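The number in my numbering is simply the position in the sequence shown, starting from 1, with 16 added. For glycine and all other residues, C-beta sits at the position ideal for the given N, C-alpha and C. Keep in mind it's a predicted model, so treat the numbers as computed, not measured. Notes to accompany the following structure.
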Amino acid sequence: MMSAMYSGVSGMQAHQVKLDVISNNIANINTVGYKAQTVSFEEVYSQTLNGATAPSDSGRGGTNPMQLGHGVTVSSINTINTQGSMQLTGGTTDFAIDGDGYFIVQDPSGAYMFTRAGNFGLDTDGNLVTADGLYVCGWQEYEALPDGTYVFDTTKDPEPINIFSDEYNKNKNNIAPKATENVVLNGNLDASESPKGSGTSDIGTPPETADFTMPFTAYDDLGNDYEVDVNFTKCYVDDSDPDNPVTTWYWEMPSDGSSSSSGYIKFDKDGNIVEEDGFDTKVDVEVTPDSSTGTGSFTMTIDFESVSMYDAESSVNPLNVDGYPSAELNDFYIGADGVIMGVYSNGQQQPLGMMSLATFSNPAGLERVGNNLFMATANSGDFNQAYAPGTQGAGTLSVGFLEMSNVDLSSEFTEMVIAQRGFQANSRIITTADEMIQELINLKR
């Protein structure tokens with residue numbers, strides 16, 4: 017009977033733990049990134065009263081072991097790592113992970129911690145931080161490629177992200193000026209204009225008024241801006257081959273504010289520009305600013321390849337001019353790839369950093385340390401490598417969303433009733449055993 021009482025006590029204790037876990041799940045029903053837990057029980061110990069026997073040759077059959085259990089204990093409290101639902105917030109620094117990854121944060125000692133709660137913000141120094149002020153980690157060193165894209169070195173250890181400055185760029189609040197190097201033109205020159213020259217490559221004295229003038233703004237190394245005009249004048253139509261007439265246009269950049277540059281471009285009968293000796297479609301032009309304001313001459317390439325000639329009103333525009341003045345950081349945004357892009361007052365954009373994610377071979381083995389944080393353990397697998405969002409199964413980022421708790425309230429209420437009834441049933445074991453012991457005591461009277 018004493019064994020029965022101890023079994024009842026262990027049952028009550030086990031179901032109390034189950035109720036504790038359920039209550040914690042329900043309490044965190046609205047906690048960002050919370051992962052629900054479940055409880056499993058196991059038998060404590062079985063006392064063997066009689067062992068098993070095999071059938072004998074004397075005609076007696078075998079017997080099963082006779083064992084007596086001594087209660088129950090909690091075998092495990094496991095984390096359910098299912099995906100939580102996404103809640104739209106619209107916050108610039110709110111993130112939800114759609115996948116198995118974890119955000120990487122750094123505590124004051126420099127140790128890495130991990131979380132699914134993406135409700136981040138900025139502190140006064142420009143650090144990306146959690147709600148408790150821990151630094152969110154990623155990468156900030158990158159290489160700018162010729163095609164305008166950027167590649168971050170994701171093989172390095174993640175470091176705290178600061179959008180204002182880092183060891184690679186001490187002042188990201190401002191962007192340095194860049195001299196104009198390439199100007200790409202796009203549009204049409206009117207084929208119906210009258211020729212003004214006397215030969216394929218002979219404009220003679222250019223008329224005072226060009227057929228079309230295209231202005232654009234160029235910048236020197238200090239960010240000084242210069243208004244530059246490109247004048248187009250129809251020069252000559254060579255119809256010596258009636259089936260394949262060619263038309264030349266004279267272009268000129270006036271000398272005020274730049275060295276006087278000029279040349280010819282040629283079009284075939286279909287209005288497509290033609291590349292030939294003496295008719296370059298890409299031309300290097302030296303710009304010589306006023307010495308009182310500029311930095312000296314600088315060279316830029318004018319690209320005419322996208323200019324055509326049809327019987328329509330002339331309209332040539334600068335498709336791309338790559339120079340710009342200095343500017344201040346106005347805003348930033350973060351894409352689904354985790355790249356933080358700064359938006360500057362001159363319209364330019366520049367990477368400020370990239371968020372990183374961690375994955376584990378056994379996420380259920382992570383240890384909870386409070387404040388929505390986890391730490392790696394011997395059974396979770398080591399944290400050896402951070403990954404860019406969208407790679408290595410880390411999951412993608414949903415910007416402006418938060419991952420809500422994955423607690424199923426209906427399931428928790430059901431488990432609560434089961435825990436309550438289990439606790440009540442075990443309490444009855446104790447009261448019943450107590451009554452039986454009382455009866456034994458009463459036998460002496």
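Note on geometry: alpha-carbon atoms of Asp296 and Leu150 lie some 58 angstroms from one another.
In the assembly as shown, Phe417 is a buried residue. Its beta-carbon has 16 or more other beta-carbons within 10 Å. Under the criterion of beta carbons closer than 8 angstroms, Ile179 and Lys188 qualify as touching, at roughly 6 angstroms.
Taking the Cα of Ser342 as reference, the smallest distance to any Cα among Met452, Asp237 and Ser414 is reached at Asp237. Residue burial annotation: Phe429 is exposed, with fewer than 16 other C-beta atoms found within 10 angstroms of its C-beta.
Excluding five sequence positions before and after Lys298, the CB atoms of its chain that fall closer than 8 angstroms to its own CB belong to Thr317, Ile318, Asp319, Phe320 and Glu321, given in chain order. Under the 8 angstroms Cβ criterion, the segment 362 to 380 counts as touching the segment 113 to 122, having at least three qualifying pairs. Our two residues, Val145 and Leu138, have alpha carbons roughly 6 angstroms apart in a direct line. When beta bridges are read from the DSSP output, Met129 appears opposite Val121. Its Cα nearest to that of Met420, the residue Asp110 stands out among Asp110, Ser56, Glu59 and Met230. Excluding residues up to 5 positions away in sequence, Asp245 and Asn247 lie with their Cβ nearer than 6 angstroms to the Cβ of Thr229 in the same chain.
Note on Ser26: 16 or more other CB atoms within 10 angstroms of its CB, so buried under the neighbour-count rule.
Within the model, the alpha-carbon separation for Ile350 versus Ile120 is close to 16 angstroms.
Around the Cβ of Pro174, a 10 Å sphere holds 16 or more other Cβ atoms; the residue is buried.
With respect to the 9 angstroms criterion, Tyr128 and Cys153 are classified as neighbours on the basis of their beta carbons. Per DSSP, reduced to three states, the secondary structure at Gly215 is strand.
Val167 counts as exposed, since fewer than 16 other beta carbons sit within 10 angstroms of its beta carbon. Cβ neighbours of Thr221 within its own chain (closer than 8 angstroms, five residues either side excluded): none. Counting along the chain, Phe111 sits inside no alpha helix (DSSP H); it lies in the beta strand (DSSP E) bounded by residues Asp110 to Asp114. Only exposed fits Arg76, as fewer than 16 other CB atoms lie within 10 angstroms of its CB.
When rounded, the separation of the alpha-carbon atoms in Asp218 and Asn346 is 50 angstroms. In the displayed model, Arg444 falls within a helix according to three-state DSSP.
In the structure shown, the three-state DSSP call for Phe429 is helix. Under the DSSP assignment, Tyr22 falls in the alpha helix (DSSP H) whose first and last residues are Met18 to Ala43.
Residue pairing by DSSP places Met316 opposite Val301 in a beta bridge. Beta-carbon to beta-carbon, Val55 and Val88 are separated by about 11 angstroms, too far to satisfy the 8 angstroms threshold. Taking 9 angstroms as the cut-off, the Cβ atoms of Asp284 and Lys250 do not count as close. For Gly438, the secondary structure class from DSSP, reduced to helix, strand or coil, is helix. A check of alpha carbon separations from Thr375 across Val37, Phe390 and Asn422 identifies Phe390 as the nearest. Burial state of Gly409 is exposed, judged by a 10 Å Cβ sphere holding fewer than 16 other Cβ atoms.
Residue environment for Ser62: exposed (fewer than 16 other C-beta atoms within 10 angstroms of its C-beta). About 6 angstroms separates the CB atoms of Thr196 and Asp338; that is less than 8 angstroms, so the two are in contact. Of the residues Gly239, Ala43, Met21 and Gln99, the one whose Cα lies closest to the Cα of Leu425 is Ala43. Between Val323 and Asn202, the C-beta gap is smaller than 9 angstroms, which places the two residues in contact.
Under the three-state reduction of DSSP output, Asp347 falls in the strand class. In the DSSP secondary-structure assignment, Tyr184 is not bridged to any residue.
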